[in-house]
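See structure below.
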Amino acid sequence: MNRLQTQTGHCNPLHAFPMIYKEIIPPPILQPYIHQLLLIKSEGKTAGTTAFKVFADGLPGLIFQQYAGSFCDRDGNPLPQLFVHGLTTRYSEKTATGAFYNLTVRLKPYGLKVLFGVDAHLLTDCYLPLETLVKNSLAEKLSEAITLHDKIAILNAFFIARIGAGQDSEQAKIAQVVKKIHSTNEDLSLSSIPAMLRISERSLERLMKRYVGVSPKLYQRIGRFQNTLTHLYNNPTDRLTRLAYAHAYSDQSHYIREFKQFAGMSPGAFRKRGLSQLRNFPEWR
1 MNRLQTQTGH CNPLHAFPMI YKEIIPPPIL QPYIHQLLLI KSEGKTAGTT
51 AFKVFADGLP GLIFQQYAGS FCDRDGNPLP QLFVHGLTTR YSEKTATGAF
101 YNLTVRLKPY GLKVLFGVDA HLLTDCYLPL ETLVKNSLAE KLSEAITLHD
151 KIAILNAFFI ARIGAGQDSE QAKIAQVVKK IHSTNEDLSL SSIPAMLRIS
201 ERSLERLMKR YVGVSPKLYQ RIGRFQNTLT HLYNNPTDRL TRLAYAHAYS
251 DQSHYIREFK QFAGMSPGAF RKRGLSQLRN FPEWR
């Protein structure tokens, strides 16, 4: 049975409309491959177009839009109804027109390779219709399902059937690599990881490119940025200088540059407007 962790959309004057979102924990069999499932939907009557910033979060994913074409990319191109995306190395922008109901499956960092057999670097900063990777009727099934419970059951069944599709002898090793990068101190040199895992530096780079899509260093930088978001949420009044040094940035200017790359705004601007909104997906007009 899925456990639902629900929070209501943030309602404040900056919003054109309120949102509702639910975080869904995947069943145990899928937890090695899926971080979480996330429902984001508009609430009440909606009109007009609203812009959102999408932060780099270090995770690939699959997104289903109940209302096809409700979201467009920054160039105004409608996003596919069902698509997969790779890890992002910078912020992006999306716009929503009218009502929306989106289900996102946030995969583990190596989920694309393990579940779909595609080398992750081919989808870094990109998205593709799921149909491009694997023939399926998932969009049709999800569109016809009435309840959230039914939609989640369909997604779970789809991903359970995908287990093993891209598995090989290196899957356990990349899981160790990702875990080790997350568990190391932010100021620890990544050069210590190959020795810990008894692999060469070249093997580490190759594994990360193939399974995650970016270099170990860039992945660590994205993780550090995400850690600072948590810090800002938990300690919204902390000075930026203190925050920068707490997360091993060389100084406040270094931290601000990194934040702008991954969020598309300064930490100060985010603190004024983004803290009251959905993490990694604030409305921004």
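Just so it is clear: in the sequence shown, position 284 is 284 by the UniProt record's numbering, and no numbers are missing. Yeah, the Cβ is synthetic: ideal placement off N, Cα and C, and Gly gets one too.
Could you compute how far the alpha carbon of Tyr67 sits from the alpha carbon of Leu130?
Counting from 1 along the sequence shown, the entry for residue 67 is found at position 67. Counting from 1 along the sequence shown, the entry for residue 130 is found at position 130. The alpha-carbon atoms of Tyr67 and Leu130 are separated by roughly 16 Å.
Taking C-alpha atoms, which residue in Ala161, Asp150 and Thr50 lies nearest to Val134?
Start at 1 with the first residue of the sequence shown, and residue 134 comes out as number 134. The shortest C-alpha separation from Val134 is found at Ala161.
Throw me the rounded Cβ distance for the Leu87 and Val214 pair, which I believe falls under 8 Å.
Counting from 1 along the sequence shown, the entry for residue 87 is found at position 87. Counting from 1 along the sequence shown, the entry for residue 214 is found at position 214. Confirmed, about 6 Å.
Report the partner residues of Ser250 according to the DSSP bridge assignment.
Residue 250 sits at position 250 when you count from the first residue of the sequence shown. BP columns for Ser250 are empty, so no partner.
If you run the structure through DSSP and keep just helix, strand and coil, what is Met265?
For the purposes of this step, residue 265 is taken as the residue at position 265 of the sequence shown. Coil.
Can you grab the Cα-Cα spacing for the pair Met1 / Pro26, in whole Å?
If you number the sequence shown from 1, residue 1 lands on position 1. If you number the sequence shown from 1, residue 26 lands on position 26. Interpretation of Met1 is limited by its pLDDT of 39, a score under 50 that renders its predicted location unreliable; no figure is taken from the coordinates.
Could you check how far apart the C-beta atoms of Ala56 and Ile222 are, in whole angstroms? I think they sit under 8 Å.
For the purposes of this step, residue 56 is taken as the residue at position 56 of the sequence shown. For the purposes of this step, residue 222 is taken as the residue at position 222 of the sequence shown. 5 Å between Cβ atoms; contact.
Which same chain residues end up closer than 8 Å to Cys11 when comparing Cβ atoms and leaving out the 5 residues on each side of it in sequence?
Taking the first residue of the sequence shown as 1, we reach residue 11 at position 11. Because the pLDDT at Cys11 is just 32, under 50, the model does not fix this residue reliably, and the point stays unresolved.
Mind checking Asn77: buried by the 16 CB within 10 Å criterion, or exposed?
Residue mapping note: residue 77 aligns to position 77 of the sequence shown, counting from 1. That one is exposed.
Tell me whether Leu223 sits in a helix, a strand or coil according to DSSP, three-state version.
As a working mapping, residue 223 is identified with position 223 in the sequence shown. With the sequence shown as reference, residue 223 is identified as Gly, and Leu is not the correct amino acid for it. Three-state DSSP puts Gly223 in a helix.
One question on the structure: do Arg198 and Leu232 come within less than 8 Å of each other, judged by their Cβ atoms?
In the sequence shown, the residue the question calls residue 198 occupies position 198. In the sequence shown, the residue the question calls residue 232 occupies position 232. Arg198 places its beta carbon 8 Å or farther from that of Leu232.
How many whole angstroms separate the CB atoms of Ile152 and Lys141, which I take to be in contact at a CB cut-off of 8 Å?
Here residue 152 corresponds to residue number 152 of the sequence shown, with the count starting at 1. Here residue 141 corresponds to residue number 141 of the sequence shown, with the count starting at 1. Not confirmed; about 12 Å, so no contact.
Select from Ala96, His121 and Asp150 the residue whose C-alpha is nearest the C-alpha of Leu218.
Within the sequence shown, numbered from 1, the residue matching residue 218 stands at position 218. Checked all of Ala96, His121 and Asp150; the closest Cα to Leu218 is His121.
Reducing DSSP to helix, strand and coil, say where Glu93 ends up.
Working through the sequence shown from its first residue, we reach residue 93 at position 93. Reduced to three states, the DSSP call for Glu93 is strand.
Measuring straight from C-alpha to C-alpha, what distance separates Leu30 and Leu37?
Counting from 1 along the sequence shown, the entry for residue 30 is found at position 30. Counting from 1 along the sequence shown, the entry for residue 37 is found at position 37. Between Leu30 and Leu37, the C-alpha separation is close to 11 Å.
Pick from Asp125, Pro267 and Asp75: whose alpha carbon is nearest that of Leu229?
Taking the sequence shown and counting its residues from 1, the one referred to as residue 229 is at position 229. It is Pro267.
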